[in-house]
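Colleague: Quick one: structure below, then a few questions.
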Amino acid sequence: MTPERAVIVGASHAGAQLAGNLRRDGWAGEIVLIGDEGKLPYHRPPLSKTYLAGKSNLDELLIRSADFYPKQDIKLVHSTVDSIDRAAGRVLLDTGDTVSYTKLALCVGARARQLPIPGADLRGIHYLRTAADVESIRAAAVPGHRVVIVGGGYIGLETAASLCSLGMQVTVLEATDRVLERVTAPEVSAFFTRIHRDAGVDIRTQALVEAFTGNGNVREVVLADGALLPADV
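For the sequence shown, position 71 (counting from the first letter as 1) is numbered 90 according to our numbering, and the numbering increases by one without interruption.
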């Protein structure tokens, strides 16, 4: 009889919680948790806040302590799944290894959407989703340098506040009529706009980004109305 093995692809919130809950609820088979970041599962919401601002370290963001996984007999695999062979009941890793399963859960989440515009491949352009992303942004956060943030949602505004606290000159570009338009009432948008502007953040709405320019490194953000915004990051 094939031994029971649950393979969980994705080692963030959903994957880590599923692994722990399986043990809590009596799953006696093997549990393999596969993640591609090379880190223990951690909470993502603080990334754009305390972690970016340098007020917390990654150990403080962990979903479970490091000793939780061996104690619960949960095997953590730091790798990427290249393919799934459903007929054979196994996953192929980027290392060339295979892991068989009797139960498979896909908890992979999503990726930040890449902007399909000219200059999007210039150095100095960052996307924020992982701890590694934040570490790259923080390394580029030089006091006095200019940063342009595309997107006035929660993550964009949190990032703006954190980088402003690090001494950067911050501009937020939002394509719609107001920040947080998709998730809050106009009064809430007005409140967050006011407190960010009071802190020195330049917030521009109805701002459509057409391109990034620079000689290898990003130097300007080109808007649809022809405006050019200097940007170091």
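By construction, the Cβ of each residue, glycine as well, lies at the ideal position given by its N, Cα and C atoms.
What you are looking at is a predicted structure, and each value in this text was computed from that prediction instead of being measured.
Compute the distance between the beta-carbons of Ala179 and Ala226, then report whether it is under 8 angstroms.
Modeller: Using a Cβ distance threshold of 8 angstroms, Ala179 and Ala226 do not count as a contacting pair.
Colleague: Asp101 lies in the beta strand (DSSP E); which residues open and close that run?
Modeller: Val100 to Asp104
Colleague: Identify the continuous beta strand (DSSP E) that holds Glu229 and give its terminal residues.
Modeller: Val228 to Thr232
Colleague: In three-state DSSP terms, what is Thr195?
Modeller: coil
Colleague: May I ask you to report which of helix, strand or coil DSSP gives Arg216?
Modeller: helix
Colleague: Start and end of the beta strand (DSSP E) containing Asp221?
Modeller: Asp221 to Arg223
Colleague: If you follow the beta strand (DSSP E) that Glu49 is in, where does it begin and where does it stop?
Modeller: In the DSSP annotation of this structure, the continuous segment of the beta strand (DSSP E) that includes Glu49 starts and ends at Glu49 to Gly54.
Colleague: Is it right to say Pro65 is buried, meaning 16 or more other beta carbons lie within 10 angstroms of its own, or is it exposed?
Modeller: buried
Colleague: Using alpha carbons as the reference points, say which of Leu112, Ala204 and Asp152 lies closest to Val96.
Modeller: Leu112
Colleague: Go through its chain and collect everything with a Cβ distance to Glu23's Cβ below 6 angstroms, but skip five positions before and after it.
Modeller: Gly48 and Thr121
Colleague: Compare the C-alpha of Leu185 against each of Asn76, Asp101, Gln36 and Thr69 and name the closest.
Modeller: Thr69
Colleague: Per DSSP, Pro249 is paired with what?
Modeller: Glu239
Colleague: DSSP three-state call for Ala124: helix, strand or coil?
Modeller: strand
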